[in-house]
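Residue numbers (my numbering), protein chains in the order written: chain A, 99 to 318; chain B, 42 to 520.
Yeah, the Cβ is synthetic: ideal placement off N, Cα and C, and Gly gets one too.
Heads up: the structure comes next, in structure tokens.
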Amino acid sequence: MSPLDSDIAHLLAGSMVLLSFLLLYQDRMFALLNVFALHAYALACSVAWQAYLQRAPHLFITALIALLFKGVIIPLALRRIVVRLGIHRSIETVVSVGPTMLFGIALVGLSIVVMLPVTQAEGPFVREDLAFALSVLLLGFLMMVTRRNAVSQVIGFMSLENGLVLAASGARGMPLVVEISVGFSVLIAFIVIGIFLFRIRERFDTVDLQALDMSRGEAL
Amino acid sequence: MGQLALTALLCTPALGAVLLAAIPRYRLAAALNVTLCALTLSCAAALYRHRPQPSLYLLVDDLNTVFLFVGALVGFSTSVFSAGYIAHELQTRRLKARDLRFYHAMYQLLMFAMNLALVSNNIGLMWVAIELATLTTVMMVGIYRTNAALEAAWKYFILGSVGIALALFGTILVYLAAQEHLGQGMVAMAWDRLAVSSASFDPSLLNLAFVFLLLGYGTKVGLVPVHAWLPDAHAEGPTPISAVLSGLLLNVALFALLRFKLIIAGNPHVLAPGPMMVTMGFTSLLFAGFMLYRRRDIKRMFAYSSIEHMGIITLAFGLGGPLASFAGLLHMTMHSLTKSAIFFGVGYISQLEGTQRTADIRGLTHSQPLLGWLLVLGVVAIAGLPPFGIFTSEFLLVTSTFARSPWLAILLVAGLLIAFSALALRLQGLAFGDTERRHLLPAWRLAPMTLHLLLVAAAGVYLPAPVVAWFRHVAGQLG
Numbered sequence: 099m100s101p102l103d104s105d106i107a108h109l110l111a112g113s114m115v116l117l118s119f120l121l122l123y124q125d126r127m128f129a130l131l132n133v134f135a136l137h138a139y140a141l142a143c144s145v146a147w148q149a150y151l152q153r154a155p156h157l158f159i160t161a162l163i164a165l166l167f168k169g170v171i172i173p174l175a176l177r178r179i180v181v182r183l184g185i186h187r188s189i190e191t192v193v194s195v196g197p198t199m200l201f202g203i204a205l206v207g208l209s210i211v212v213m214l215p216v217t218q219a220e221g222p223f224v225r226e227d228l229a230f231a232l233s234v235l236l237l238g239f240l241m242m243v244t245r246r247n248a249v250s251q252v253i254g255f256m257s258l259e260n261g262l263v264l265a266a267s268g269a270r271g272m273p274l275v276v277e278i279s280v281g282f283s284v285l286i287a288f289i290v291i292g293i294f295l296f297r298i299r300e301r302f303d304t305v306d307l308q309a310l311d312m313s314r315g316e317a318l
Numbered sequence: 042m043g044q045l046a047l048t049a050l051l052c053t054p055a056l057g058a059v060l061l062a063a064i065p066r067y068r069l070a071a072a073l074n075v076t077l078c079a080l081t082l083s084c085a086a087a088l089y090r091h092r093p094q095p096s097l098y099l100l101v102d103d104l105n106t107v108f109l110f111v112g113a114l115v116g117f118s119t120s121v122f123s124a125g126y127i128a129h130e131l132q133t134r135r136l137k138a139r140d141l142r143f144y145h146a147m148y149q150l151l152m153f154a155m156n157l158a159l160v161s162n163n164i165g166l167m168w169v170a171i172e173l174a175t176l177t178t179v180m181m182v183g184i185y186r187t188n189a190a191l192e193a194a195w196k197y198f199i200l201g202s203v204g205i206a207l208a209l210f211g212t213i214l215v216y217l218a219a220q221e222h223l224g225q226g227m228v229a230m231a232w233d234r235l236a237v238s239s240a241s242f243d244p245s246l247l248n249l250a251f252v253f254l255l256l257g258y259g260t261k262v263g264l265v266p267v268h269a270w271l272p273d274a275h276a277e278g279p280t281p282i283s284a285v286l287s288g289l290l291l292n293v294a295l296f297a298l299l300r301f302k303l304i305i306a307g308n309p310h311v312l313a314p315g316p317m318m319v320t321m322g323f324t325s326l327l328f329a330g331f332m333l334y335r336r337r338d339i340k341r342m343f344a345y346s347s348i349e350h351m352g353i354i355t356l357a358f359g360l361g362g363p364l365a366s367f368a369g370l371l372h373m374t375m376h377s378l379t380k381s382a383i384f385f386g387v388g389y390i391s392q393l394e395g396t397q398r399t400a401d402i403r404g405l406t407h408s409q410p411l412l413g414w415l416l417v418l419g420v421v422a423i424a425g426l427p428p429f430g431i432f433t434s435e436f437l438l439v440t441s442t443f444a445r446s447p448w449l450a451i452l453l454v455a456g457l458l459i460a461f462s463a464l465a466l467r468l469q470g471l472a473f474g475d476t477e478r479r480h481l482l483p484a485w486r487l488a489p490m491t492l493h494l495l496l497v498a499a500a501g502v503y504l505p506a507p508v509v510a511w512f513r514h515v516a517g518q519l520g
């Protein structure tokens, strides 16, 4: 593998980490959706590049799923939901942007410190790929805990899952990657449909999870 | 023969799900649901005798036959209970006929996913199956579409998916460690190959992988601190689903954890997985024991009791050794049977009383003598009193812990006592006291509950020699 090949792979995977940071501080719904679409495009490019490097044509299917499903269909569907629910103005966050970003940087540091020594036996290429993937995963978690609203939590979950697909495509010759990415897509599709359906049934007055917390059994 | 049973074990529920989705009449669907579960049970029983050749995808061995049989048994009796339960839900209009079609299809799909997770030899396939099981239960938890049910389903979905995501990352790391030695492709995901050759894997990768797997699958087991979905999902979903969650799904996740523990334990240079499991199990036991005191919802209370018992089982397997593993297996079986029996009872009680609030339920032994006394017996069993099977397994666990580390045993006994007194306290209010009401249930509806409690009592008094030999053999493998 030439240095240029691995540089391109690093560029693509690294851009996913950067986009994860961008996701963290978006405070407008539509901007959040746009950044997420970019995240999915970066994933699609990254997986396609891996498919080319590893001569693994089945990974192109994964890349295509990322591009069409996560890059186009899901953002469009979520945009419709956001418009219908009238929640496009702002996003309520639990923690303010500054500490969140600092915490995010700490998480990226953590994943590099954890991954690089552990994967000494692997090629340098797999090592950095895994470190990037773990960073994306942890930043996705961070986004899920700092957001209250259901739509942005789903976006956090999807960015987390993008990190997983990145890791799986980087692990050479790993079977079932396509099946796993299809499985995740089904999961996400169900949940997006779920949010949409419940709104139609007018049971959800709000998708703010704090309001839903009121209905805990303990408050009886 | 074995191959046929294995194929039938997977195909019966899968085809059944399609069939049940197409049947609009609920009586027919419920009867068919029971039949399909009975077929699955007979397949699982056949697999005990006849083992098919392992392939890269599927494997039947001593360990998973225990889980398969217990799972199929609980699945079958729950389907019988569910037939009576849903008829009432339909009468009170909490569910519509269309919901029931969906419900039955999901029930069979869940059976399929759990059987697949148990028989899969491929760690990736196992992950996909557990994800499918999560998805089907999320759907069923939210089926009432009340705010509380939706919130429970949402919480379960978010926490369950996060757990599943962590578990996948762990699985990828295990694959990376394996492909260095076994070569790329399916071979490096086949569990039987991994378990045999794990000694030559990179230990630091395995260490990291196990942390992710423990947290990931531990979420589905309901271990503290990643248990938060469990009480809500149990309390807000239909009661048959609470029974299946406690009796089946938690075990399947634990089974996945055990499979990985066996891989990790094969490598002498890796951190021992046991102490981590002991710590998490023990925390769950203590935490759930204290949480039992202030529950005001009857299903939520027994959900915390499930966390407590899954903690005990994880602790037993983490401790390891033939005796503790034996105790763990026995406890898992007994807990599945007892807890599902309790949920059968609780399901009828909440239907008859029209509430799940413990404060509003009184004098059950007066208002519905048979059901009330069965519930008393169930709670006595789950609290770990003789002559029931849970007493045997807890006794075994405590004695083997005493032999290994007395301090841990003292803490373990303290945890058991805390949970016991919480249950005893609550039982008094539920079962005794004056009440004007009187309800009568047809006796056949109580058959599954009675059967489970009889089995648990029988196991406590006398455990048949073949069962002991079987469990001892599996415990020996678990190490």
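Coarse secondary structure for residue i, derived from DSSP in three states
i        : result
B/Ser446 : coil
B/Asn188 : helix
B/Arg478 : coil
A/Arg86  : Residue 86 of chain A is absent from the structure shown; chain A starts at 99 and stops at 318.
B/Arg336 : coil
A/Arg225 : helix
B/His268 : coil
B/Ser441 : helix
B/Ile64  : coil
B/Arg142 : helix
B/His372 : helix
B/Met152 : helix
B/Thr81  : helix
A/Ser267 : helix
B/Tyr258 : helix
Contact with chain A by residue i, beta-carbon distance below 9 Å
i        : result
B/Gln225 : yes
B/Phe110 : no
B/Glu394 : no
B/Ser202 : yes
B/Gly322 : no
Whole-angstrom C-beta distance between residue j and residue i, which should lie under 8 Å
i        : j        : result
A/Met272 : B/Tyr89  : The Cβ separation is near 34 Å, so there is no contact.
B/Ile213 : A/Ala265 : 5 Å
B/Ile525 : B/Lys261 : Because chain B here runs from 42 to 520, residue 525 of chain B falls outside it and cannot be looked at.
B/Ile354 : B/Met332 : With 8 Å as the limit, B/Ile354 and B/Met332 do not qualify as a contact, their Cβ atoms being about 18 Å apart.
A/Thr198 : A/Leu121 : Not really, about 11 Å apart at Cβ, beyond 8 Å.
A/Val290 : A/Leu176 : 7 Å
A/Val115 : A/Ser233 : 5 Å
Test: residue i CB closer than 9 Å to a CB of chain B
i        : result
A/Thr244 : no
A/Pro215 : yes
A/Leu237 : no
A/Leu176 : no
A/Arg270 : yes
A/Gln124 : no
A/Gln148 : no
A/Gly292 : yes
Counterpart residues of residue i in DSSP-defined beta bridges
i        : result
B/Ser161 : B/Leu99
A/Arg153 : Its beta-bridge partners do not exist; DSSP assigns none.
B/Ala231 : B/Asn163
B/Ser398 : The identity of residue 398 of chain B in the sequence shown is Arg, whereas the question assumes Ser. DSSP output for B/Arg398 lists B/Asp338 as bridge partner(s).
Per-residue burial, residue i [other beta carbons within 10 Å of its own, 16 or more giving buried]
i        : result
A/Arg225 : buried
B/Pro65  : exposed
B/Trp485 : exposed
B/Glu394 : buried
A/Val192 : exposed
B/Gly474 : exposed
B/Trp195 : buried
A/Gly315 : In this prediction, A/Gly315 scores a pLDDT of 46, lower than 50, which makes its location untrustworthy; no coordinate-derived value is stated.
B/Met180 : buried
A/Arg299 : Bear in mind that the predicted position of A/Arg299 carries a pLDDT of just 38, short of 50, making it too unreliable to give a figure here.
B/Asp338 : buried
B/Ile282 : buried
Within-9 Å CB hit, residue i to chain E
i        : result
B/Asp243 : Among the protein chains of the structure shown, namely A and B, there is no chain E.
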